[in-house]
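For reference, the structure is listed below as structure tokens.
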């Protein structure tokens, strides 16, 4: 797959660059460039990111960072079985538990919420950092919802991190998930309160909390272009009437 001229491979994280040092220099550069493309495209064009990840995988399947990137690219394309296999391979290579929450979410994607809940109660969770533990809580709540256990999902999300007034990288998503679960349970007033709190914490627009809040408040957004087009049609109609 083509690599843009502005991509040098130096853009990758230094830890990944260090991993690639086990490869011949030219090969390491090629792998690095493909990993850069995966990171660059995974949100806006996940299918293309997946293509670059497969190239990197063919070139260096024994590098943990490559297996992890391939896993996230597959995950972004809802290829959950493939993603889980890559995450497991990366975990075997590194011995870390960082990928545990996303592995559990892959189990959800494969229609196995019970397995995701088993993973949420595993000893590995205690080895996760705070961000990982919050992510695991989100996955567990999602698994409860998959099983139709709305009240249990709500309770799962109730935590010190949810109650905290400090804003962390995970705060908006946690508040959003809680609001969404409350709404699904028919607790609209509480849901509105938590969607508003999610909006306060969502500094980079990672959720659509503002849209959900507006929807609950009965606010409708009109596309300016459509509105302009309607006005022009009305004017044309009036002109026709005058003729």
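In the working numbering, the protein residues as written are -19 to 223.
Virtual Cβ for every residue (Gly too), placed ideally from N, Cα, C.
query: Helix, strand or coil for residue 134? Go by DSSP, reduced to three states.; result: helix
query: Helix, strand or coil for residue 140, going by three-state DSSP, please let me know.; result: helix
query: When you compare each of 130, 181, 154 and 89 to residue 113 by their alpha carbons, which one comes out closest?; result: 154
query: By alpha-carbon positions, which one of 91, 177, 117 and 146 ends up nearest to residue 102?; result: 117
query: Assign residue 223 to buried or exposed, taking buried as 16 or more other Cβ atoms, counted over all protein chains shown, within 10 Å of its Cβ.; result: Low local confidence applies: a pLDDT of 47 at residue 223 is under 50, so the model's placement there is unreliable, and no value is given.
query: Using a Cβ distance threshold of 8 Å, determine whether the region 71 to 89 contacts the region 48 to 63, with at least three qualifying pairs required.; result: yes
query: Thinking C-beta only, is residue 47 closer than 8 Å to residue 19?; result: no
query: Apart from the five residues just before and just after residue 186, which ones in its own chain have a Cβ nearer than 7 Å to its Cβ?; result: 152 and 153
query: Could you tell me which of 89, -1, 90 and 29 sits nearest to residue 45, measuring between CA atoms?; result: -1
query: Do you know offhand how far residue 55's Cα is from residue 184's?; result: 22 Å
query: How about residue -4 and residue 39: do their beta carbons lie closer than 8 Å?; result: no
query: Counting pairs of Cβ atoms below 8 Å between the region 159 to 170 and the region 129 to 140, do you hit three or more?; result: yes
query: In the structure shown, what three-state DSSP assignment does residue 35 receive?; result: helix
query: Going straight from the alpha carbon of residue 146 to that of residue 177, what length do you get?; result: 11 Å
query: Mapping the DSSP letters down to three states, classify residue 80 as helix, strand or coil.; result: helix
query: Counting only runs that start and end within the region 109 to 192, where is the alpha helix (DSSP H) found for 4 or more residues in a row?; result: 110 to 126, 130 to 137, 140 to 143, 151 to 164 and 168 to 181
query: What's the C-alpha gap between residue -17 and residue 139?; result: 45 Å
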